[in-house]
Amino acid sequence: MNKAISLAAVVPAAGVGSRMGLNHPKQYLKIGEKTILEHTLIKLSNVEHINHIYVAVSEEDSYFDDLDLAKLNTTRVLGGKERADSVLNALKSMQADPPEWVLVHDAARPLVDIKDIDKLITSCIDTGEGAILASKVKDTIKKGDKYIEETVPRERLWQALTPQLFPYQALLSALDSALNEGAMVTDEASAMERVGQPVALVSGRSDNIKITTPEDHALACFLMAQQQKSIENV
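For what it's worth, my numbering labels the leading residue of the sequence shown as 1443, then goes sequentially.
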């Protein structure tokens, strides 16, 4: 893929991270000298095809403006109650000059590999269809509540990751429709699936973890240190 494309990124970052047990949103927890959110935004800024990054944060967020983002091409937009609200708000803020494509990435996934993002973008541009990064399920999956009801075959099961990348107008329409009709959408792919749009699976690294619990943060600190060593040794 050599042609220039119009692509914006959206980072929903309005969550409070209640499972972390913190007195501030989890995206402002630090890994080394930088916050999780800073690491994520720096990663996205290093992706060649991303023209601009829109960060959706809550109106009460008193941390974002203190971040050192002067060298990054970011715009703060109003986040919503749920992830879908935040993403839709960001999309609507672009309507005056909309991009062709929108890439949505979790604020709490700072370990995403840039090569995986490039692979996702190439796949979408080549096919003209949306796609998500995902990793094949490795563990045996059990279905049930207190007791196992069944063991679910894992051959065709994938763990959804981010980024997720879709044509701007299609994603805007799908999210708007879902929220207007009160449908539950847990990610952008589910909104697109709901309106019958194809969503491809692009294999990504399984260490692209989402930091949700203290254990995730400890693992992310270790993995980030390993990533830094790899870069320094190149």
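In this text, a Cβ means the ideal position worked out from N, Cα and C, and glycines have one as well. Only a predicted model underlies this, so the values are computations on that prediction, with no experimental measurement involved.
Query, Result
"Contact between the region 1557–1572 and the region 1629–1648 (3+ Cβ pairs under 8 Å)", "yes"
"Nearest to E1592 (by Cα), restricted to the options I1583, R1598, G1522, H1494", "I1583"
"Nearest neighbour of R1525, chosen from H1491, P1454, A1642, L1621 [CA to CA]", "P1454"
"Pairwise C-alpha distance: D1548 and V1579", "20 Å"
"D1503 burial status per 10 Å Cβ neighbour count (16 or more: buried)", "buried"
"Buried or exposed by the 16-neighbour rule on C-beta atoms within 10 Å, applied to S1648", "exposed"
"Member of T1516, K1513, Y1496 whose CA lies at the smallest distance from the CA of L1530", "Y1496"
"Unbroken alpha helix (DSSP H) run spanning Y1610, endpoints", "1610–1622"
"Proximity below 9 Å, CB of L1607 to CB of L1449", "yes"
"T1517 classed as buried or exposed, judged by whether at least 16 other C-beta atoms fall within 10 angstroms", "exposed"
"Run of the alpha helix (DSSP H) containing I1484, from where it starts to where it stops", "1478–1487"
"Residue-chain proximity (V1489, chain B), Cβ-Cβ < 9 Å", "Annotation note: the requested chain B is absent from the structure, which comprises a single protein chain."
"Straight-line gap, N1515 to G1624 (C-alpha atoms, nearest Å)", "33 Å"
"Nearest to G1521 (by Cα), restricted to the options A1498, V1546, L1486", "A1498"
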